[in-house]
Amino acid sequence: MYVVVENTPGYLPDSDPAEFDTYEDATGYVAFLVEELREAGYVCLPDGAGGYECEFPDAPYDLGRVIELTELSTV
10 MYVVVENTPG YLPDSDPAEF DTYEDATGYV AFLVEELREA GYVCLPDGAG
60 GYECEFPDAP YDLGRVIELT ELSTV
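Numbering (my numbering) for the sequence shown: 10 to 84.
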């Protein structure tokens with residue numbers, strides 16, 4: 010199972026994580042979130058772990074958004 014969380018760094022997420030059974034579904038949702046943020050004016054760069062770090066360049070005090078993709082172990 011995979012979860013995707015979008016939030017402001019240092020703050021709790023605004024909603025529960027989105028859960029997906031497949032990696033493909035999870036990455037598709039990540040792409041959707043990135044596109045929404047880019048349309049709102051954010052610059053989003055991959056974090057190297059499947060997620061993204063997004064900054065709003067015209068607002069120096071904006072903390073940005075983070076999108077995290079995590080695989081949950083089924084132990």
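The beta carbon of each residue, even a glycine, is placed where N, CA and C say it ideally should be.
Option nearest residue i by Cα separation, candidates the options
i	options	result
Glu45	Pro69, Ile76, Tyr11 and Glu80	Ile76
Asp67	Pro55, Arg47, Val13 and Tyr61	Arg47
Asn16	Asp30, Gly57, Asp71 and Leu81	Asp71
Val14	Thr31, Pro26 and Leu54	Pro26
Tyr20	Val43, Arg74, Thr79 and Ala49	Arg74
Glu10	Asp56, Thr36 and Tyr51	With the sequence shown as reference, residue 10 is identified as Met, and Glu is not the correct amino acid for it. Checked all of Asp56, Thr36 and Tyr51; the closest Cα to Met10 is Thr36.
Val43	Ser24, Phe65 and Glu28	Phe65
Glu80	Pro18, Ser24 and Phe29	Phe29
Tyr51	Tyr38, Ala40 and Cys63	Cys63
Simplified DSSP assignment, three categories, for residue i
i	result
Ala35	helix
Phe65	coil
Leu42	helix
Residue interval of the beta strand (DSSP E) (run including residue i)
i	result
Pro22	No beta strand (DSSP E) contains Pro22, which DSSP labels as neither H nor E.
Thr79	Arg74 to Glu80
Nearest-angstrom beta carbon gap, residue j and residue i [assumed within contact, 8 Å]
i	j	result
Gly60	Leu78	5 Å
Close-in-space but distant-in-sequence residues of the same chain around residue i (CB under 7 Å, 5 per side omitted)
i	result
Tyr32	Tyr11
Close Cβ partners of residue i (< 8 Å) along its chain, the five nearest in sequence each way excluded
i	result
Pro69	none
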